[in-house]
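2 protein chains.
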Amino acid sequence: MAPDRPPFAFTVTARASGPHGIARCGRLTLPHAVVETPVFMPVGTQAAVKALTPEELTEIGYALILGNTYHLHLRPGEALIARAGGLHRFSGWDGALLTDSGGYQVFSLTGLRRIGADGVQFQSHIDGSRHVFTPESVMQVQRDLGADIVMAFDECAPYPCAPEYAREALERTHRWAARCREAYDQAGRRATGGWPQALFGITQGSIFRDLREESARALAALDFPGYAIGGLAVGEDAPLRCDAIVWTVALLPFEKPRYLMGVGTPADILDAVARGVDMFDCVLPTRNARNAQVFTARGPINLRNLRFAEDFGPLDPECDCRVCRRHSRAYARHLFRANEILGPRLATYHNLYFYHRLMAGIRDAIRADRLEAFREAFLQQYRRSEEEEQNSDEA
Amino acid sequence: MAPDRPPFAFTVTARASGPHGIARCGRLTLPHAVVETPVFMPVGTQAAVKALTPEELTEIGYALILGNTYHLHLRPGEALIARAGGLHRFSGWDGALLTDSGGYQVFSLTGLRRIGADGVQFQSHIDGSRHVFTPESVMQVQRDLGADIVMAFDECAPYPCAPEYAREALERTHRWAARCREAYDQAGRRATGGWPQALFGITQGSIFRDLREESARALAALDFPGYAIGGLAVGEDAPLRCDAIVWTVALLPFEKPRYLMGVGTPADILDAVARGVDMFDCVLPTRNARNAQVFTARGPINLRNLRFAEDFGPLDPECDCRVCRRHSRAYARHLFRANEILGPRLATYHNLYFYHRLMAGIRDAIRADRLEAFREAFLQQYRRSEEEEQNSDEA
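Protein sequences, first through last, are from chains V and X.
Going by the numbering used here, the letters in the first sequence line up with residues 1 to 395, in that order.
Going by the numbering used here, the letters in the second sequence line up with residues 396 to 790, in that order.
Structure follows, in structure tokens:
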């Protein structure tokens, strides 16, 4: 943490003109890093981005990663992490951190759960133990974890979802957001470790325009330092998701960062950036890597495919990452077939490098006011090859 | 490969005096590296040292690692590796390589096997497929893999073992050694890739002095560039192993490197170095790491132990490796409990660093003619704590 830095600031540094005039570049100043947006945040669910070290994330260029409040609460527990000096120090991560609120996990991972006015009672997916999350307890957990950015406790409605249920979940989310805000203010907007934290509100509303707009207005009225768009990437198709983003962004304050939670594929990110989103997180590059799927400029490929058995070229011929400079598809395929830990390691490093480079390309394109041209060129190359692979898959 | 380097050379550079006058330092010149001995070689069974990248091995200081002929023959096969340009290029490893002969694996890992005069028929432990290893075929596999040092095909007798069986296995090993030597000479002592290879003979003889001496004499007569001591670390106790080393080393030529296969713990290595051994390999540091056991100056510890839950100090307080400088026992314990790949990664890196530093300490001690003092100081600290842990283990 650099104590001479303002605790939290966001500045829009470039704006696209024309039909995509809403896309922008920004600079996010946090206690542990300064981050250029649009930014992709790797997911470090259990205090580690799976298979990688903090040094590697820094080497790739990441300065802001995500931790999951639900998982860290269950194991090793926020009390232990607080005694370690917070999640940064516990995990050896020098950069900035964002923790989610656990809302998504409580509603998607746990079995038995009871939603009450006060919060949610749920059972751990690890050992069945009973826990309660309330807006106040979630804020306390996140204070102990000590991330630079913390998230309000929300209810993520499933998809599809009846409008009545979506409204009920939305209103609960708004009441909880106000309580999170209150708890956050009362705690001096600081982590247990003493440094400042920024609390982002989460908008919901499923795919219903009236609910999305109501949510954006309600959250904006609470004046958060940043806003997330939640409840998407849960099964809806891309045009519906784009609509929900547009409805929400239109009513969020221009000068605050906008974070689309859990998104997504390169195409999804390009769609959302064009609609004004600044921040993203997704398990796709890391989870797919562990299943041998790597992203390339010519589309994703699965390294287990027989056609790579003697492909001695790099994972992605257009990539200059440490892995692509040294290792071949044939070698990586062998590692996956032989269940070598190095397989997921190499694929994860490359995939996060690919995402980082994609975001850098997006930022450059916005600054040069050619985002749409960038998007078309990227997707034309990316999508053709996906089809090629589907036609020749034999593995 | 540096073409201006002599293909293979070994020079004794320092000798201890006194009761341990037989210990020595040496310099091993190979096509892909110059290596100071006594040296420990990490095991890269399936074309990878489990969990680590080639860059990390180089960073720690390793310049010579081992690959397993049996495993690589089964998957991905030596033909594919030859087409990739050999095992160095296939695995992205710039340093030197040694491949074993597969003898140990054929006799220990496979189910059904038939030993004939010509070789061994066995079934793959992966898919049950049938294969035959003969001295000639094993030399061909190792030519295709292209390691800097290749090993003669041998029969590793089990322990305990009747003297009659040990003699039979020994005589077969000697006949096979002569055939390996013949095949090696006929192939121009070169890898399929064109660079020179050094063929080491393997002595056997279980724990019987007459057989060990007969084996050392028989192999020495075949004039190999180096000699291994095989058939140890198979269950015999340390004094018996030390005897077998002494009997063998006494009859091996002074000016050739001596390689004790599959050994071992720090104490085992110290014992063997004092008796004139130059080279070691063992899965202990890497395999134990994956089971959360890390080596420390005060003995091995298991990171899963409850007493490390809030131990925010480094894995080994006396270690300055990349892992110990950044990560705590509490964090590493959390990673193992949460089944994070990063756990085995960090433990493997540290353990191989520990072994590398141990060997550097041994070499310095020999040069300063204080090996026995080094050994005593190391073991006094190392062993006391092992007992402490055993007394307090609760995990």
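Just so you know, even glycine gets a beta-carbon here, dropped at the ideal spot from N, CA and C.
Among the residues of the stretch 70-103 of chain V, those with a Cβ less than 7 angstroms away from any Cβ of chain X are R75, P76, L80, R83, A84, F90, S91 and G92, in the order of the chain.
At a beta-carbon threshold of 7 angstroms, none of the residues of chain X lie near V:P42; the nearest stands roughly 13 angstroms away.
Residue contact check for V:H327 against chain X: a CB pair falls below 9 angstroms. Among the CB atoms of chain X, none fall inside 9 angstroms of the CB of V:R287. Rounded to the nearest angstrom, the Cβ distance from X:S601 to X:C556 is 5 angstroms, consistent with a contact under 8 angstroms. Straight-line spacing of the CA atoms in V:P344 and V:E56 works out to 14 angstroms. Residue pairing by DSSP places V:Q293 opposite V:N302 in a beta bridge. V:T53 belongs to the set of residues whose beta carbon lies under 9 angstroms from a beta carbon in chain X. At least one beta carbon of chain V lies nearer than 9 angstroms to the beta carbon of X:H729.
Straight-line measurement puts the Cα of V:G61 at about 22 angstroms from the Cα of V:A23. Taking a Cβ-Cβ threshold of 8 angstroms, the residues of chain X close to V:Y331 are A442, A479, F485, S486 and G487, in chain order. Residues of the stretch 732-762 of chain X that bring their beta carbon within less than 8 angstroms of a beta carbon in chain V comprise R732, A733, E735, I736, L737, P739, R740 and L741, in sequence order. Residue ranges of uninterrupted alpha helix (DSSP H) with 4 or more members, entirely inside the stretch 66-123 of chain V and ordered along the chain, are 69-74, 78-83, 87-91 and 103-108. When the beta-carbon positions are compared, V:T134 and V:D118 come within less than 9 angstroms of each other. Residues of chain X with a Cβ closer than 7 angstroms to the Cβ of V:E310 are, in chain order, L475 and R478. Rounded to the nearest angstrom, the Cβ distance from V:L284 to V:T296 is 14 angstroms, too far for a contact under 8 angstroms. X:C716 sits in coil when the DSSP states are folded into three classes, being neither helix nor strand. With contacts defined by Cβ atoms closer than 9 angstroms, X:G421 and X:V407 form a contacting pair. Chain X places no beta carbon closer than 9 angstroms to that of V:R130, leaving this residue out of the contacts. Per the coordinates, the alpha-carbon of X:S524 lies some 12 angstroms from the alpha-carbon of X:R508.
For X:E454, there is no enclosing beta strand (DSSP E); the enclosing alpha helix (DSSP H) covers residues P449 to I455.
Contacts with chain X (Cβ-Cβ distance below 7 angstroms) from the stretch 248-259 of chain V involve no residue at all. In this structure, DSSP gives V:A166 a helical state, which the three-state scheme calls helix.
In the DSSP assignment, V:D281 forms a beta bridge with V:M41. Here the stretch 179-191 of chain V does not lie against the stretch 203-218 of chain V, with fewer than 3 beta-carbon pairs under 8 angstroms apart. Any Cβ of chain X closer than 9 angstroms to the Cβ of V:R322 would place that residue at the interface, and such an atom is present. Between V:V49 and V:I65 the beta-carbon gap is near 6 angstroms, inside 8 angstroms, which marks them as a contact. Between X:R585 and the set X:A733, X:L540 and X:V629, the nearest pair of CA atoms involves X:L540. Segment contact: the stretch 323-341 of chain V against the stretch 253-267 of chain V, fewer than three CB-CB distances shorter than 8 angstroms; contact not assigned. Looking at the backbone, the Cα of X:P620 and that of X:N683 are separated by about 32 angstroms. Counting along the chain, the unbroken alpha helix (DSSP H) around V:Y355 starts and ends at L342 to R367. Scanning its chain for C-beta atoms nearer than 7 angstroms, with the 5 sequence neighbours on each side dropped, one finds around X:A404 the residues T424, in chain order. For V:H131, the enclosing beta strand (DSSP E) covers residues R130 to F133.
Here X:F517 is actually not in contact with X:C551; their C-beta atoms are around 13 angstroms apart, not less than 8 angstroms.
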